[in-house]
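*Asks:* My questions will all concern the structure given below.
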Amino acid sequence: MEEGNSIIYGLEHQTRALSPQYGESDAIRFLIGTQSLKPQANQVHVVELEEDTGALHTKVFKHEIGEIWHLRCSPHDVATLLTTHNAFDPNISQCTMGVTIFKLPTVEVIPKDLDDLSAIQGRNAEDMELLKTITPEKPEEEIRCAEWHPTDPNRIGVVYEGSLRVHDVNTGAAVATTAPEGRARLKFTGGKWNPHQGHTQFAVLQDMHIKCYDTRADSSKPSWSIDNAHRQLARDLDFNPNRQFHLATAGDDAALNIWDYRNGKEPIFSRTDHSHWVWSVRYNSYHEQLLLTGSSDARALLTAAASVCRDLDDEAARLSQVLEDGVLQSYEQHEDSVYCAEWSAAEPWTFASLSYDARLVLSRVPRHFKYKILL
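Residue numbering for the sequence shown follows this note's numbering, starting at 1 and increasing by one per position.
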């Protein structure tokens with residue numbers, strides 16, 4: 001991929017689910033889930049970027065059990081993924097949601113010779129192996145997302161509208177349940193495992209607030225919380241991979257906030273560079289001062305938060321040249337809401353953004369910012 005140039009991949013159906021292929025250290029791959037109202041028309045696209053040439057190679061797999069609202073690749077097995085999906089059930093005359101675990105028949109995308117290339121170009125969507133489907137106890141209950149446990153391949157955290165449950169992926173049974181107290185409790189809108197604290201905590205978005213629960217036992221009270229993290233609905237969160245008490249949040253107030261949850265009264269970093277709801281926020285796994293956000297203003301922003309990533313007692317860090325806080329670059333190739341922005345799991349300077357208009361944009365951190373961080 002050339003400096004300053006993004007690569008665009010278009011799909012046939014609308015999209016809002018994107019995941020890097022975790023566990024893959026050599027190839028730059030992303031998986032996309034479509035959201036067609038025709039259940040049997042939905043697909044999972046595997047997109048691989050050939051870094052030297054900038055060429056894109058793709059494989060398409062059938063997802064005939066409904067529109068995909070959320071997708072996450074397994075960090076434990078490169079060929080395994082889970083989707084959160086929704087489809088109309090004619091037996092009960094209403095839409096029902098579920099979480100399904102699939103296994104890809106192969107992870108290879110780029111053909112090894114021209115004969116393979118000809119076969120791929122003429123091939124229809126392939127089948128994935130369905131391993132397990134988890135459904136709500138009540139058919140009308142909505143599922144917000146599902147996340148793999150960071151270290152235990154047999155556990156996933158599923159965020160329902162009114163509870164958080166940890167499920168066994170082999171049996172589908174819930175092994176721990178967290179539901180907030182009170183009849184008038186606010187609904188959950190998403191969540192994520194805390195990669196620190198022994199991988200026992202799961203943080204959920206609850207209206208404008210962040211609540212983090214210990215999943216080792218059933219619980220109704222959070223281990224810690226950040227009340228009023230946003231002035232409007234909180235949409236997404238991501239933990240700093242290097243600092244155990246820091247996390248970033250995004251919300252409908254167009255804000256990107258970074259918190260030290262030991263003192264959650266005020267953010268330690270805050271920007272409102274978007275002009276509408278912010279749906280996605282992601283830390284760079286290798287360079288924590290770089291964050292990606294995606295918004296309904298049809299933009300993805302690359303932002304620096306270097307001021308909260310320096311150790312105050314490190315004299316060399318204070319004297320070294322660092323990035324200035326703020327937007328480094330705005331990516332405006334989208335024409336609809338950018339629901340997802342994700343860093344590559346294999347290459348720290350490459351990322352992808354996905355908008356509802358079925359457009360995936362692959363980009364790189366500009367070279368001068370890269371050198372400023374490294375040199």
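Idealized CB from N, CA, C, for every residue including glycine.
Please confirm if the segment 181-196 is in contact with the segment 239-249, defined as three or more CB-CB distances below 8 angstroms between the two stretches.
*Replies:* Short answer: they touch.
*Asks:* Just reading off the alpha helix (DSSP H) that residue 382 is part of, what are its end residues?
*Replies:* Residue 382 lies beyond the residue range present for the chain, which begins at 1 and ends at 375; the question has no answer from this structure.
*Asks:* Might you give, ordered along the chain, the residues of its own chain that have their beta carbon closer than 6 angstroms to the beta carbon of residue 296, omitting 5 neighbours on each side?
*Replies:* As a working note, residue 296 is residue 296 in the sequence shown. The residues are 276, 277 and 337.
*Asks:* For residue 198, which three-state DSSP category applies?
*Replies:* Here residue 198 corresponds to residue number 198 of the sequence shown, with the count starting at 1. Three-state result, residue 198: helix.
*Asks:* Considering only C-alpha positions, which residue in the set 8, 6, 38 and 47 is nearest to residue 19?
*Replies:* Indexing the sequence shown from 1 puts residue 19 at position 19. Ranking 8, 6, 38 and 47 by Cα distance to residue 19 puts 47 first.
*Asks:* Measure the C-alpha to C-alpha separation of residue 207 and residue 253 and round it to an integer number of angstroms.
*Replies:* Your numbering for residue 207 matches position 207 in the sequence shown. Your numbering for residue 253 matches position 253 in the sequence shown. Near 12 angstroms, if we compare the C-alpha coordinates of residue 253 and residue 207.
*Asks:* Rounded C-beta distance between residue 67 and residue 87? I'm assuming under 8 angstroms.
*Replies:* Taking the sequence shown and counting its residues from 1, the one referred to as residue 67 is at position 67. Taking the sequence shown and counting its residues from 1, the one referred to as residue 87 is at position 87. Yes, they are in contact, since the Cβ atoms of residue 67 and residue 87 sit about 7 angstroms apart, within 8 angstroms.
*Asks:* Touch check for the segment 71-80 and the segment 360-373: three-plus C-beta pairs under 8 angstroms?
*Replies:* No: fewer than three Cβ pairs fall under 8 angstroms.
*Asks:* Skipping 5 residues on each side, what residues in its chain have a beta carbon closer than 8 angstroms to that of residue 82?
*Replies:* Along the sequence shown, one-based indexing puts residue 82 at 82. Closer than 8 angstroms at Cβ, skipping near neighbours: 71, 72, 74, 99, 100, 101, 102, 146, 148 and 156.
*Asks:* With burial defined as no fewer than 16 other Cβ atoms inside 10 Å of the residue's Cβ, what is the status of residue 92: buried or exposed?
*Replies:* What you label residue 92 is simply residue 92 of the sequence shown in a count that begins at 1. Exposed is the call here.
*Asks:* In chain order, which beta strand (DSSP E) runs of at least 3 residues are fully inside the segment 77-150?
*Replies:* Correct list: 80-89, 94-103, 129-134 and 143-148.
*Asks:* Distance check for residue 106 and residue 412, CA to CA, integer angstroms please.
*Replies:* Nothing can be reported for residue 412, as the shown portion of the chain is limited to 1 through 375.
*Asks:* Pick from 164, 240 and 340: whose alpha carbon is nearest that of residue 298?
*Replies:* By one-based count along the sequence shown, residue 298 stands at place 298. Closest by alpha carbon: 340.
*Asks:* How many Å lie between residue 268 and residue 259 at the Cα?
*Replies:* Residue numbering aside, residue 268 sits at position 268 when the sequence shown is read from its first letter. Residue numbering aside, residue 259 sits at position 259 when the sequence shown is read from its first letter. So the two alpha carbons sit approximately 5 angstroms from each other.
*Asks:* Within the continuous beta strand (DSSP E) that includes residue 257, where are the two ends?
*Replies:* As a first step, residue 257 must be located in the sequence shown, where it is residue number 257. Looking at the DSSP string, the run of the beta strand (DSSP E) that includes residue 257 is 256-260.
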